[in-house]
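Chains as they are written, first to last, in our numbering: chain S, 28 to 486; chain G, 312 to 644. What follows is a set of notes on a single structure, which appears directly below.
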Amino acid sequence: MTLDPVLLSRLQFAFVIAFHILLPAFTVGLAAYIMVLEGLYVRRRDMVYLRLSLFWTKIFAVAFGMGVVSGIVMPFQFGTNWSRYSDATANVLGPLFTYEVLAAFFLESGFLGILLFGRKLVPPWAHFFSACMVALGTLLSSFWILAANSWMQTPAGYEVIDGRYFPKDWLAILFNPSLPYRLAHTVTGFFVTTAFAVAAAAAWHLKRREHVPEATASLKMTMGLLTVLVPLQIVLGDLHGVNTVEHQPIKVAAMEGLWETRTRAPAVLFAIPDSKNETNHAEIAIPALASLYLKHDFDASVEGLKSVPSSERPPVGIVFWAFRVMVGLGLLMAAVVAWSFVLRFRGGMERSRAFLATTVAMLPVGFIAVIAGWTVTEVGRQPWVVYGLLRTRDAVSPSITGHDVLLSLAAYIVVYLVIFGAGIYYMVRLAKAGPPAETEARDAALDERPARPMSGARA
Amino acid sequence: MIDLVPIWTLVIGFGVFMYVLLDGFDLGVGILFPFARGEEERNLMMNSVAPVWDGNETWLVLGGTALLAVFPLAYAIIIPALYFPIALMLLGLILRGVAFEFRFKATRYMHWWNRSFFGGSLAATFFQGVVLGNFVRGFAVDGRHFAGSSFDWLSPFPLLAGLGLVCGYAMLGATWLVMKTEGELQQASRRQARWLLLGVLAFILMVSLWTPFMASQIAARWFTWPNMAYFAPVPVVTALIAWTTWHALASDRDTVPFLGAMGLFVMCYAGLAISLFPYVVPYSVTLRDAAASPSSLAFLLVGTMFLLPFVFIYTFWSYYVFRGKVRAGIGYH
């Protein structure tokens with residue numbers, strides 16, 4: 028059997044990025060949450076916020092460390108496995124990746140040390156400032172990497188010379204058509220994911236009647252935030268979809284499971300897409316609804332998969348089902364948020380054991396939705412790596428063999444399973460232990476001093 | 312329009328060197344981990360680098376992305392050529408990077424993260440040396456692609472370079488610990504640093520004797536007149552730095568050994584630059600041939616000139632906050 032280096036390289040990239048994206052999905056929101064907690068503590072000197080911040084900073088440290096090491100892998104993947112992609116796109120995308128490092132990674136890592144280890148060494152405002160810079164770094168990082176990803180989805184501002192892409196208009200490259208929607212949808216998704224994770228930890232402690240002041244405060248904060256963000260995310264998702272219809276209609280056709288181009292396109296609720304026979308089995312659909320939410324008009328025509336040759340279609344089943352997973356989980360999140368909203372006026376969320384149990388169970392939901400969404404947009408772009416310009420199979424490094432990639436993929440799988448297994452175990456254990464005791468937090472507060480020489484001497 | 316290739320050559324050369332110096336000492340601390348006596352010493356060793364290691368590794372990410380942005384052809388040839396050394400280096404960096412957090416969270420399995428920190432640091436360093444050795448050896452190129460196989464890297468000179476870099480980073484790590492610790496750990500580090508210094512000098516000698524036979528360009532660069540006169544200071548200054556470092560390690564100087572160790576890296580790096588210029592893919596693609604379009608270079612340079620000073624300021628601030636000797640009990644957050 029010959030091993031296909033293209034397929035294996037795709038599997039390897041999907042594997043390392045899927046694991047990596049789980050960390051930013053958590054740390055982008057958590058960095059902002061810690062910043063808010065530190066800010067509230069500096070302003071109000073309320074120990075509840077300090078204890079919450081100490082608690083989440085420990086978990087953040089583990090997640091961030093894993094994010095850093097799994098992130099270092101990424102810029103080398105483009106070279107080891109996708110050198111022809113690198114050669115073709117570097118003039119456009121290289122500066123974007125580099126700006127991510129210069130503007131974001133250095134900012135995060137430069138201030139992370141102070142955030143984690145420096146509470147006793149710098150004045151409180153400097154510690155808060157460090158928390159702000161780490162949070163800002165995570166957001167800037169999202170901007171640059173999603174600008175690069177969006178360019179691969181909706182390329183703009185370039186010219187082609189000898190099969191390579193050269194910049195013509197940097198503003199058009201950066202603010203390419205899908206960037207605003209992708210950035211808003213992704214970052215909001217990250218915040219929602221973090222908020223559900225924080226809420227799950229709070230609900231777990233409330234169920235057990237421990238750490239009640241901290242857990243109540245953090246459950247109220249996160250559910251309040253989610254009441255705004257979840258509906259907003261649904262609106263942003265819709266806008267992103269409309270944008271995708273305009274620029275990548277075939278991706279949307281795969282998401283919707285639509286084979287024929289037609290007016291009054293139905294919304295397919297359930298189906299088993301069959302790429303070979305170009306049809307759906309066991310389809311359950313609502314007539315004309317897809318035309319409404321994709322084009323905001325019942326009678327609008329929606330392009331189907333058959334409008335392009337099968338060599339230009341993505342794998343329909345994966346895209347179709349990943350999309351349903353994402354949307355389904357989004358609706359589930361909306362239901363939980365609505366429930367919390369009702370409970371607020373009926374004596375409080377913290378009293379309903381059913382609600383608390385549900386919130387604990389919601390822990391992984393945001394993460395799964397992020398992976399599903401990422402799958403929709405990346406698999407939906409196939410067979411292109413740069414949409415309409417460069418096919419994925421023409422992007423792979425010419426020198427690598429299937430066996431090379433199989434070896435490296437196996438090594439990545441083993442190491443990632445150990446690392447992520449251990450990391451998740453430690454984070455769950457920290458989360459279960461809860462915020463530090465009164466005395467420990469008071470120690471941290473009393474130890475705050477303006478920076479002075481050799482303050483590390485007190486141990 | 313002004314020629315940006317020389318400016319970018321300096322910026323990237325500087326960035327890669329920052330990585331070698333900074334991650335060099337914290338990888339070196341990892342390599343020395345098994346020589347510590349007891350968990351207390353290991354705590355101190357790890358805490359001496361815990362607040363700065365991920366800032367240090369960010370220079371590697373900058374090196375990777377900037378090579379892609381500035382010399383894309385070099386990136387597209389060299390990185391796939393070094394498929395396995397790079398993958399193994401990355402896996403090493405993962406295993407040692409997570410150890411910083413996991414080790415302090417672990418209870419029963421702490422010794423596993425000790426091993427992971429040591430093994431990961433060792434592997435990452437060794438394979439960086441292998442990458443360097445292959446770089447000096449040169450690459451088989453066909454048009455815009457690497458023309459060899461994914462196992463071309465496996466040959467004697469790169470393996471020697473790997474061992475040499477392990478010795479070099481360990482020396483940086485040991486002199487860092489001389490600067491950052493006290494008492495028995497410091498004394499042990501002094502002794503280790505002297506042995507490692509001798510080892511590094513031996514590797515420098517071996518590499519210097521081997522490379523002129525390996526590549527005629529290197530022989531011609533160093534051993535023709537008047538180059539010989541221009542470059543004669545390189546070995547002389549190297550010897551002077553080595554002598555100073557040796558004596559500083561024998562006396563009670565805390566900081567000089569680390570500065571000396573960094574000085575030796577500066578000289579080796581300068582020697583390498585002299586040997587390989589103007590190639591970025593030795594010995595077929597020059598810096599200029601591999602450079603990105605002027606528009607890409609200019610777009611990136613504007614922001615880099617603005618952002619790098621800030622990177623320096625807060626990197627310096629972070630090192631300043633954690634200055635002085637590292638002591639027990641400071642590692643919690």
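Virtual Cβ for every residue (Gly too), placed ideally from N, Cα, C.
Can you have a look at residue 649 of chain G and say buried or exposed, based on whether 16 or more other CB atoms are within 10 angstroms of its CB?
No answer is possible for residue 649 of chain G: it lies beyond the span of chain G, which begins at 312 and ends at 644.
Contacts of residue 93 of chain S in chain G (Cβ-Cβ under 7 Å):
On the first sequence, residue 93 of chain S is found 66 positions in, with the first residue counted as 1. Within chain G, the residues near residue 93 of chain S are 409.
Would you check whether the ligand GTP has a heavy atom nearer than 6 Å to the C-beta of residue 301 of chain S?
Questions concerning the ligand GTP fall outside what the structure shown contains, since it holds no ligand whatsoever.
Cross-chain neighbours of residue 438 of chain S in chain G, by beta carbon under 7 Å:
As a working mapping, residue 438 of chain S is identified with position 411 in the first sequence. By Cβ distance, chain G contributes 398, 402.
Tell me residue 186 of chain S's beta-bridge partners as DSSP assigns them.
For the purposes of this step, residue 186 of chain S is taken as the residue at position 159 of the first sequence. Paired residue(s): S:193.
Would you say residue 373 of chain G faces chain S, with C-beta separation under 7 Å as the test?
The sequence position of residue 373 of chain G within the second sequence is 62, counting from 1. Closer than 7 Å to the CB of residue 373 of chain G there is at least one CB belonging to chain S.
Give a yes or no on whether 7 Å exceeds the smallest Cβ distance from residue 197 of chain S to chain G.
Locating residue 197 of chain S in the first sequence gives position 170, counting from the first residue. So yes, residue 197 of chain S belongs to the interface.
Give me the chain G residues within the contact set of residue 425 of chain S, using Cβ-Cβ distance strictly less than 7 Å, ordered along the chain.
Locating residue 425 of chain S in the first sequence gives position 398, where the first residue counts as 1. Contact note: residue 425 of chain S reaches chain G through 456, using a C-beta cutoff of 7 Å and chain order.
Using the Cβ count rule (16 or more neighbours within 10 Å means buried), how would you classify residue 358 of chain G?
Along the second sequence, read from residue 1 onward, the residue named residue 358 of chain G stands at position 47. Buried, by the Cβ-count rule.
Could you please give the first and the last residue of the uninterrupted alpha helix (DSSP H) stretch that includes residue 154 of chain S?
The residue labelled residue 154 of chain S in the question sits at position 127 within the first sequence. That run of the alpha helix (DSSP H) goes 151 to 180.
Comparing the C-beta of residue 349 of chain G with each C-beta of chain S, is any distance below 7 Å?
Here residue 349 of chain G corresponds to residue number 38 of the second sequence, with the count starting at 1. Chain S, which has no Cβ nearer than 7 Å to the Cβ of residue 349 of chain G, makes this no.
What residues match up with residue 457 of chain G in a beta bridge as DSSP calls it?
Here residue 457 of chain G refers to the residue found at position 146 of the second sequence. Looking at the DSSP assignment, residue 457 of chain G forms a beta bridge with G:452.
Per DSSP, residue 323 of chain G forms a beta bridge with which residues?
As a first step, residue 323 of chain G is located in the second sequence; it is residue number 12 there, counting from the start. As DSSP reads the structure, residue 323 of chain G sits in no beta bridge.
Any chance you could list the alpha helix (DSSP H) runs of at least 4 consecutive residues sitting entirely within the region 356 to 401 of chain S, in chain order?
For the region 356 to 401 of chain S, whole alpha helix (DSSP H) runs of length 4 or above, ordered along the chain, are 380 to 388.
Beta carbon of residue 200 of chain S nearer than 7 Å to that of residue 184 of chain S:
Position 173 of the first sequence holds residue 200 of chain S. Position 157 of the first sequence holds residue 184 of chain S. Result yes, Cβ atoms of residue 200 of chain S and residue 184 of chain S sit closer than 7 Å.
Count the CB pairs spanning the region 350 to 362 of chain S and the region 227 to 243 of chain S that are closer than 8 Å, and state whether there are at least three.
Contact fails: fewer than three Cβ-Cβ distances are below 8 Å.
Tell me the residue span of the alpha helix (DSSP H) that contains residue 411 of chain S.
Position 384 of the first sequence, counting from 1, holds the residue named residue 411 of chain S. For residue 411 of chain S, there is no enclosing alpha helix (DSSP H); the enclosing beta strand (DSSP E) has its first and last residue at 411 to 413.
Members of the region 485 to 506 of chain G that neighbour chain S once the beta carbon cut-off is set at 9 Å
Against chain S - using a Cβ distance shorter than 9 Å - the region 485 to 506 of chain G contributes no residues.
Quick check on residue 238 of chain S: does DSSP put it in helix, strand or coil?
Position 211 of the first sequence holds residue 238 of chain S. Shown here, residue 238 of chain S sits in coil according to DSSP, grouped into three states, outside any helix or strand.
Any idea if residue 374 of chain S is buried or exposed, counting beta-carbon neighbours within 10 angstroms, 16 or more meaning buried?
Here residue 374 of chain S corresponds to residue number 347 of the first sequence, with the count starting at 1. The residue in question, residue 374 of chain S, is exposed, as its Cβ has fewer than 16 Cβ neighbours within 10 Å.
May I have a chain-ordered list of the alpha helix (DSSP H) segments no shorter than 4 residues that lie completely inside the region 405 to 493 of chain G?
If we require 4 residues or more, the alpha helix (DSSP H) runs fully inside the region 405 to 493 of chain G come out as 421 to 448, 467 to 491.
Between the region 318 to 333 of chain G and chain S, which residues of the former have CB atoms less than 7 Å from a CB of the latter, in chain order?
So the list is empty, because no residue satisfies the distance condition.
Would you mind reading off the limits of the beta strand (DSSP E) that contains residue 127 of chain S?
Numbered from 1 along the first sequence, position 100 holds the residue referred to as residue 127 of chain S. First-last for residue 127 of chain S: undefined, no H or E at that position.
Integer Cβ distance of residue 396 of chain G from residue 464 of chain G, believed to fall under 8 Å
Walking along the second sequence from the start, residue 396 of chain G turns up at place 85. Walking along the second sequence from the start, residue 464 of chain G turns up at place 153. That belief holds up - the Cβ atoms of residue 396 of chain G and residue 464 of chain G are roughly 5 Å apart, short of 8 Å.
Would residue 625 of chain G pass as an interface residue toward chain S - the criterion being a Cβ-Cβ separation below 7 Å?
Within the second sequence, the letter at position 314 stands for residue 625 of chain G. When Cβ-Cβ separations below 7 Å define contact, residue 625 of chain G makes contact with chain S.
With residue 297 of chain S as the anchor, note down where its beta strand (DSSP E) starts and where it stops.
Mapped onto the first sequence, residue 297 of chain S falls at position 270. First-last of the beta strand (DSSP E) with residue 297 of chain S: 294 to 301.
Would you verify that the beta carbon of residue 431 of chain S is, or is not, closer than 7 Å to some beta carbon of chain G?
The residue you call residue 431 of chain S lines up with position 404 of the first sequence. Closer than 7 Å: yes.
Less than 7 Å between the C-beta atoms of residue 312 of chain S and residue 329 of chain S, yes or no?
On the first sequence, residue 312 of chain S is found 285 positions in, with the first residue counted as 1. On the first sequence, residue 329 of chain S is found 302 positions in, with the first residue counted as 1. No, they are not a contact pair.
Roughly how many whole angstroms lie between the Cα atoms of residue 204 of chain S and residue 177 of chain S?
Mapped onto the first sequence, residue 204 of chain S falls at position 177. Mapped onto the first sequence, residue 177 of chain S falls at position 150. Residue 204 of chain S and residue 177 of chain S have their C-alpha atoms some 8 Å from each other.
On the three-state DSSP scale, how would you describe residue 205 of chain S?
On the first sequence, residue 205 of chain S is found 178 positions in, with the first residue counted as 1. In this structure, DSSP gives residue 205 of chain S a state outside helix and strand, which the three-state scheme calls coil.
Helix, strand or coil, according to DSSP, for residue 35 of chain S in the structure here?
If you number the first sequence from 1, residue 35 of chain S lands on position 8. Correct three-state label for residue 35 of chain S: helix.
Can you find at least 3 beta carbon pairs, one from the region 418 to 429 of chain S and one from the region 286 to 295 of chain S, that sit closer than 8 Å?
Two segments are said to touch when three or more pairs of C-beta atoms, one from each, lie closer than 8 Å; by this definition the region 418 to 429 of chain S does not touch the region 286 to 295 of chain S.
Buried or exposed for residue 617 of chain G, please, with buried defined as at least 16 other CB atoms from any protein chain shown within 10 angstroms of its CB.
For the purposes of this step, residue 617 of chain G is identified with residue 306 of the second sequence, where counting begins at 1. The residue is exposed, with fewer than 16 neighbouring Cβ atoms inside 10 Å.
Is the region 509 to 517 of chain G touching the region 365 to 373 of chain G in the sense that three or more CB pairs, one from each, lie closer than 8 Å?
The region 365 to 373 of chain G makes no contact with the region 509 to 517 of chain G, as fewer than three CB pairs between them are under 8 Å.
Taking just the CA atoms, how far does residue 33 of chain S sit from residue 434 of chain S?
Locating residue 434 of chain S in the first sequence gives position 407, where the first residue counts as 1. Locating residue 33 of chain S in the first sequence gives position 6, where the first residue counts as 1. Each residue's Cα considered, the two are about 14 Å apart.
Report the three-state DSSP secondary structure of residue 596 of chain G (helix, strand or coil).
Indexing the second sequence from 1 puts residue 596 of chain G at position 285. The three-state reading of DSSP puts residue 596 of chain G in strand, counting E and B together.
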